[in-house]
Amino acid sequence: MNGYRQAHGQSISDPEEFWGQATKGLDWSRPPSRVLDRSREPFFRWFPDGELNTCHNALDRHVDSGAGDRTALIYDSPVTGTVRTYTYRQLRDEVARFAGALKNLGVQRGDRVVVYLPMVPEALIAMLACARLGAVHSVVFGGFAAHELAVRIDDAKPTVVVSASCGIEAGRVLPYKPLLDAAIEESAHKPRHCVILQRPQCTAELVSGRDLDWAEAIAGAEPAACVPVAATDPLYILYTSGTTGRPKGVVRDNGGHAVALHWSMGNIFDTRPGEVFWAASDVGWVVGHSYIVYAPLLAGATTVLYEGKPVGTPDAGAFWRVVSQHRVTTLFTAPTAFRAIKKEDPSGTLIASYDLSSLRHLFLAGERLDPETYAWAGERLEVPVLDNWWQTETGWPIAANPRGLEPLPTKPGSPSVPVPGYDVRVVDSAGNDVPPGTDGSIVIRLPLPPGCLPTLWGDDDRFVASYLSAFPGNYLTGDGGRFDEDGYLYVMGRTDDVINVAGHRLSTGAMEEVLAAHPAVAECAVIGVADTLKGQVPRGFVVLKAGVEADPATLTAELVAMVRQRIGAVAALRQVDVVPALPKTRSGKILRRTMRGIADGRDEPVPSTIDDPAVLDTLRPVLIRSTP
C-alpha cells in the first residue's frame with residue numbers, strides 16, 4: 001500500500017501541493033495562484049483566484065486537442081428501441097447550440113435553470129449548456145411530484161425550466177407537462193420560460209408566451225461560446241432526497257468539482273481516454289451528475305446514458321447486453337441493481353449469452369454492499385467487485401479501492417480505504433478517535449477535499465448546523481462504522497440505524513449481512529421498532545429469489561438461528577416477514593426510516609423519492625402488526 005499511503009499522506013499533510021498538481025490536468029483561463037483559502041473557516045474555498053469553464057474542459061478541450069471524432073456519448077434506450085452515439089465534436093456543437101437558445105431566453109452567468117428531464121441526451125446537453133454559460137443548473141428527477149418540483153423551483157428561483165413531454169418508466173408513459181404546469185401554478189416563483197422536448201410517445205400542449213418547443217428554440221440559435229467563471233462559482237444545486245419543508249440544496253463549485261472528478265477517473269476508477277465508462281444511474285442523482293455527465297467527459301472517456309432498468313427491459317440480462325454491445329470497460333451501479341438481477345436470475349445463466357471480455361471493473365455504491373451480493377457478482381463476472389462509499393454532499397467517493405493509483409486487496413463488507421483528500425476518523429460521542437475494531441461515528445476532518453459541498457444553497461447557517469456542529473472541526477457523515485487493523489473502513493449504515501436493544505447497541509446492517517447470506521434470500525432489510533420492555537427490537541423483512549418457495553415459519557426459524565449464531569442472542573431478532581418487495585427510492589435505497597416510522601405507529605408521510613408507492617402500501621399492514 002506504499003503508493004496509496006504516500007498519496008493519501010501528502011493529501012492530508014500538504015493539500016496545497018497535492019491538489020495544486022492535480023489542477024494541471026485541466027485548462028484554466030486563469031490558473032490559480034492559491035490552492036486553498038482558509039480565511040473563512042469553516043467555509044474553505046479551493047482555487048479561490050482560478051478561472052475556468054467546466055463545459056470547455058468536458059468537451060471543447062478534447063476537440064481542440066484532436067479528439068473530436070472520439071465517441072463521447074452512447075445513448076441506449078431499450079424502452080424506445082433507440083441507440084444513438086455522439087462524438088465529442090457533435091456533442092460540443094449540440095451543447096453550444098442549446099446554450100445559444102438559453103442565452104436567447106435571457107439566461108446569463110449565475111442564473112439558475114431547473115432541468116426536469118428523463119434519461120435522454122437532451123438532459124446532458126441542457127446541463128452542459130448551463131455550464132457553458134456559467135449558469136447554475138438544478139436537476140430534478142424526471143417524474144417527481146408537482147409539489148416537490150414546486151418547492152425546488154421556489155428555492156432555486158430559475159429563469160428557465162427545461163423539461164420534456166413525458167418519461168417512460170416500467171413499461172408506461174408518464175406525462176411530465178401536467179406535473180410541471182401544476183408545480184408552476186403552486187410555486188410563488190414563476191420562471192420566465194419553459195423549454196419542452198416533445199417526445200413521440202406523448203406530446204404536450206404548450207402555454208403560449210411561456211413555453212417553447214426544444215426544436216424551435218434551437219432552430220434560430222447561434223452557438224454560444226464558453227463563459228469563464230471563478231473556480232468558486234456554483235456549477236449546480238442538487239437537492240438531497242427525502243427532504244421535507246424547505247429543501248436542502250447541495251452546492252457544487254466549478255473548480256474543485258472539475259479537479260476532483262478528473263483526478264478520480266484515473267486514480268479511483270482506472271479509466272483512460274477513449275474507454276467506455278457506464279454509470280447505470282440517473283442524472284437526477286449525484287452519481288448521474290458526477291459519473292454519467294461530468295467525470296467521464298472531463299477524462300475524455302465515452303459515457304453511456306441508459307434509459308432502462310436492470311430487469312424487465314427486457315429481462316435480467318439487460319446489463320450484460322449493454323456491456324457486450326458497447327464494450328464497456330467499467331460498470332458503476334448500485335448494489336440494489338445487482339440484487340434485482342440476482343433475484344430474477346439467481347444462477348446468472350443469462351451472462352453466458354454475452355461477451356463480457358471488455359469489462360475490467362465493477363464498482364458498486366449507493367447502498368451498503370452486502371457480502372452475499374459481493375460474492376455473487378465476483379463469482380459470475382470474474383472481475384474485481386469494488387465497493388465505494390460517498391454522499392450527495394461529497395460528490396465523489398470518500399472511501400474506495402484506488403484501482404488506478406494502486407489496486408488493493410478487497411474485503412467483503414468494506415469499501416476499502418479513505419480516498420486521498422479525505423481525513424476520515426471514527427469517533428465516540430465525545431469526538432475522540434476510537435481504536436480499530438470499535439464502532440463509532442464516521443467523520444471527516446476539515447477541510448473537505450475539492451469537489452465537496454462548500455455550503456448549502458442560500459443557507460450557510462443550516463450548512464453549519466447540519467454537518468459541522470456535532471463534532472467541531474469535522475464534517476458529520478451521519479454514518480456509523482469502524483476501521484480494521486489494516487486501515488480498511490467498514491460502513492455499517494446511518495447512525496440512526498444502530499438500535500439499542502436492552503442497553504446493547506446493535507447494527508441493523510450486521511443483521512442484514514446474516515439474512516442476505518441465506519440461499520433463499522434475494523434482498524432484505526432490518527429495522528428497529530419500539531418495544532416497552534427492551535426499548536427497541538429488530539424486525540426483519542426478506543424478499544425471496546425468483547422461483548424459490550419456502551415455508552415462512554421454517555425460513556424465519558432458520559434466519560433467526562443464523563443471527564443468533566453469528567451475532568448472539570442479544571440481537572433479539574424474533575420476527576422475519578417474507579414480503580414481495582421492499583420500498584425504495586428511485587436511486588435504489590431502501591426506505592428503512594419510513595418503515596420504522598410506520599412500525600412505530602407514526603403517521604409517516606410517503607417520501608417524494610419513492611420509486612413505487614404501491615410497494616409501501618402492500619407492506620404497511622405487515623409493518624403495523626404488533627411485535628411478539
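Heads up, the sequence shown is in UniProt numbering, so the first residue is 1 and it goes up one at a time.
The C-beta atom is built at its ideal place from N, Cα and C for all residues, glycine as well.
What you are looking at is a predicted structure, and each value in this text was computed from that prediction instead of being measured.
Below 8 Å, can you find three or more Cβ-Cβ pairs linking the stretch 267 to 281 to the stretch 55 to 75? Yes, since at least three Cβ pairs between the stretch 267 to 281 and the stretch 55 to 75 fall closer than 8 Å, the two stretches touch.
Tyr-306 to Tyr-75, Cα distance in whole Å? Each residue's alpha carbon lies about 6 Å from the other.
With a Cβ-Cβ cutoff of 7 Å, do Leu-446 and Pro-42 count as a contact? Yes; because the gap between Cβ atoms is below 7 Å, this pair is in contact.
Cutting at 8 Å between CB atoms, please list the residues of its own chain near Thr-244, excluding the five before and the five after it. Low confidence applies here, because Thr-244 scores a pLDDT of 46, under 50, leaving its location unreliable and the question unanswered by this model.
When you compare each of Leu-573, Ser-290, Ala-375, Gly-395 to Pro-519 by their alpha carbons, which one comes out closest? Scanning Leu-573, Ser-290, Ala-375, Gly-395 for the CA closest to the CA of Pro-519 turns up Ala-375.
Is the distance from the Cβ of His-137 to the Cβ of Val-115 below 7 Å? Note that the C-beta distance between His-137 and Val-115 is below 7 Å.
Does the stretch 403 to 410 come into contact with the stretch 438 to 445, if we say contact requires no fewer than three beta-carbon pairs (one atom in each stretch) closer than 8 Å? Too few Cβ pairs lie closer than 8 Å, so no.
Nearest-angstrom Cα separation, counted from Val-537 out to Arg-5: Between Arg-5 and Val-537, the C-alpha separation is close to 41 Å.
Is Thr-627 buried or exposed, if buried means 16 or more other CB atoms sit within 10 Å of its CB? Confidence at Thr-627 is low in this model, with a pLDDT of 47, below 50, so its placement is unreliable and no value can be given for it.
Using the rule of at least 16 other Cβ atoms within 10 Å of the residue's Cβ for burial, across every protein chain shown, is Ser-163 buried or exposed? Counting Cβ neighbours within 10 Å, Ser-163 comes out buried, since at least 16 surround it.
Would Val-195 and Ala-224 qualify as a contact pair, given that the criterion is a beta-carbon distance under 7 Å? Val-195 is not a Cβ neighbour of Ala-224, given a cutoff of 7 Å.
Hey, Met-492 and Val-563: beta-carbon distance below 7 Å or not? By the CB criterion at 7 Å, Met-492 and Val-563 fall outside the cutoff.
Segment contact, 8 Å Cβ cut-off, at least three pairs: the stretch 73 to 88 with the stretch 255 to 264: They do not touch, by the three-pair rule.
Would DSSP call Ile-184 helix, strand or coil? In the structure shown, Ile-184 sits in a helix (DSSP, three-state: H, G or I).
Quick one, which of Glu-558, Gly-528, Lys-534, Leu-476 has its alpha-carbon nearest Leu-515's? Per the Cα distances, Glu-558.
Using a threshold of 7 Å, state whether the C-beta atoms of Gly-106 and Val-229 are closer than that. Not closer than 7 Å, so no.
So is Lys-24 buried or exposed if we call it buried at 16+ other beta carbons inside 10 Å? Exposed, because fewer than 16 other Cβ atoms sit within 10 Å of the Cβ of Lys-24.
For the pair the stretch 429 to 437 and the stretch 1 to 21, tell me if three or more CB-CB distances fall below 8 Å. Because the criterion of three Cβ pairs below 8 Å is not met, the stretch 429 to 437 and the stretch 1 to 21 do not touch.
What are the start and end residues of the beta strand (DSSP E) that includes Tyr-239? DSSP places Tyr-239 inside the beta strand (DSSP E), whose first and last residues are 234 to 239.
Let me make sure I understand the geometry here. Which of His-8, Ala-400, Phe-541 has the alpha-carbon closest to that of Met-265? When each option's Cα is compared against that of Met-265, the closest is Ala-400.
What residue from Trp-19, Gly-547, Asp-233 has the CA that sits closest to Val-35's CA? Selected option, being the one with the closest Cα: Trp-19.
Give the secondary structure of Thr-244 by DSSP, where H, G and I count as helix, E and B as strand, and everything else as coil. Because the pLDDT at Thr-244 is just 46, under 50, the model does not fix this residue reliably, and the value given afterwards should be weighed accordingly. Note: Thr-244 maps to coil in three-state DSSP.
Is Gln-108 helix, strand or coil when you go by DSSP? Looking at Gln-108 - three-state DSSP - the assignment turns out to be coil, as it is neither helix nor strand.
Tell me Phe-483's beta-bridge partners as DSSP assigns them. As a beta-bridge residue in DSSP terms, Phe-483 pairs with Leu-489.
When we look at the beta-carbon of His-193 and count the other beta-carbons within 10 Å, is it buried (16 or more) or exposed? It is buried - the Cβ of His-193 has at least 16 other Cβ atoms within 10 Å.
Can you give me the Cβ contacts of Val-573 inside the same chain, cut-off strictly under 7 Å, excluding the 5 residues immediately before and after it? In the sequence under discussion, the amino acid at residue 573 is Leu, which differs from the Val named in the question. The answer, listed in chain order, is Met-511, Pro-538, Gly-540, Val-560, Val-563.
Enumerate in chain order the residues of its own chain whose CB-to-CB distance from Arg-596 is below 6 Å, with the five nearest sequence positions on each side excluded. Around Arg-596: Ile-527.
What's the C-alpha gap between Thr-556 and Ala-546? Near 18 Å, if we compare the C-alpha coordinates of Ala-546 and Thr-556.
Buried/exposed call for residue 629, threshold 16 Cβ in 10 Å: This structure cannot speak to residue 629, because the chain is shown only from 1 to 628.
Strictly by DSSP, which residues pair up with His-193? BP columns for His-193 point to Val-160.
Kindly indicate the opening and closing residues of the alpha helix (DSSP H) around Ala-299. It is not in any alpha helix (DSSP H) - Ala-299 carries neither H nor E in the DSSP assignment.
Relative to the C-alpha of Lys-534, which candidate in Ala-571, Glu-513, Asp-611, Pro-552 has its C-alpha closest? Minimum Cα distance to Lys-534 is reached at Ala-571.
Closest Cα partner of Tyr-475 within the set Ile-444, Val-311, Ala-522, Val-251: Of the candidates Ile-444, Val-311, Ala-522, Val-251, the one whose C-alpha sits nearest the C-alpha of Tyr-475 is Ile-444.
Just the C-alpha distance for Arg-482 and Asp-370, rounded to the nearest angstrom, thanks. Cα to Cα, the separation comes out at about 16 Å.
Proximity of Trp-396 and Pro-415 at Cβ, strictly below 7 Å: No, Cβ-Cβ distance for Trp-396 and Pro-415 is not below 7 Å.
DSSP three-state label for Val-419, please. Here Val-419 sits in coil by DSSP.
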